[in-house]
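Before any comments, here is the structure.
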Amino acid sequence: GDGKETVGASQATTFDHIIMNLPASAVEFLDTLKGGFSEQLWRDRELPMVHVYSFLPDTETYDDLRRRIEGHLGGTLDEAPEFFLVRDVAPKKAMICSSFRVPRPIAHNGRDEGQEDRQEDKRLKVS
1 GDGKETVGAS QATTFDHIIM NLPASAVEFL DTLKGGFSEQ LWRDRELPMV
51 HVYSFLPDTE TYDDLRRRIE GHLGGTLDEA PEFFLVRDVA PKKAMICSSF
101 RVPRPIAHNG RDEGQEDRQE DKRLKVS
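Quick note: the sequence shown uses our numbering, first residue 1, plus one each step.
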């Protein structure tokens, strides 16, 4: 064979945390979470916590950062994120870690459950 094996949805693995640790651009990749979670697989589990690192200039507030996060997610968070100051990186810029749980409406948005198994088979290939 070609060394690739397809792992079916029944063998799929869930996880508890997503760490996005590239502060210059990690927030921009939050849109990949939209519709990225199988309702069938995650039905009886909490969706993962996201820990996204970003820079916060002193001209912006935590509310601005939350709006930026929600804008890239394509929806609102269920609860306010927790913000942790990682360190100051410049006199007027801080690195922040924002932590929040993936909201279900965003996680399952746009998924066609009738095509669930085929989509899972395409995504879950291992070498």
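Heads up, the beta-carbon is just placed ideally off N, CA and C, and yes, glycines get one too. As the structure is a computational prediction, the values presented were derived from the model and not from experiment.
Burial state of residue i, where buried means 16 or more other Cβ atoms lie within 10 Å
| i | result |
| --- | --- |
| His108 | buried |
| Ser25 | exposed |
| Ile19 | exposed |
| Val27 | buried |
| Phe37 | buried |
| Phe100 | buried |
| Leu47 | buried |
| Leu85 | exposed |
Collapsed DSSP secondary structure at residue i in the structure displayed
| i | result |
| --- | --- |
| His72 | helix |
| Glu39 | helix |
| Leu56 | strand |
| Ala94 | strand |
| Leu30 | helix |
| Leu47 | coil |
| Leu65 | helix |
| Asp16 | coil |
Of the listed residues the options, nearest to residue i (C-alpha basis)
| i | options | result |
| --- | --- | --- |
| Met95 | Tyr62, His72, Ser54, Phe37 | Ser54 |
| Arg45 | Leu73, Leu30, Phe15, Asn21 | Phe15 |
| Val50 | Thr61, Arg43, Leu77 | Leu77 |
| Val52 | Ser38, Ile69, Thr61 | Ile69 |
| Pro103 | Thr13, Asp31, Thr61 | Asp31 |
| Tyr62 | Cys97, Trp42, Phe37, His17 | Cys97 |
Own chain partners of residue i with C-beta closer than 7 Å, once the 5 adjacent residues on each side are dropped
| i | result |
| --- | --- |
| Lys92 | Pro57, Asp58 |
| Ile106 | Leu33, Lys34, Leu73, Gly74, Gly75 |
| Gln81 | First, the amino acid is wrong: residue 81 is Pro here, not Gln. Only Arg66, Ile69, Ser98, Ser99, Phe100 meet the Cβ criterion. |
Cβ-based neighbour list, residue i, same chain, cut-off 6 Å, excluding 5 preceding and 5 following
| i | result |
| --- | --- |
| Asp88 | Ala94 |
| Phe83 | Tyr62, Ile96, Ser98 |
Alpha-carbon spacing of residue i relative to residue j, whole angstroms
| i | j | result |
| --- | --- | --- |
| Leu22 | Glu79 | 23 Å |
| Leu65 | Ala90 | 18 Å |
| Gly71 | His17 | 21 Å |
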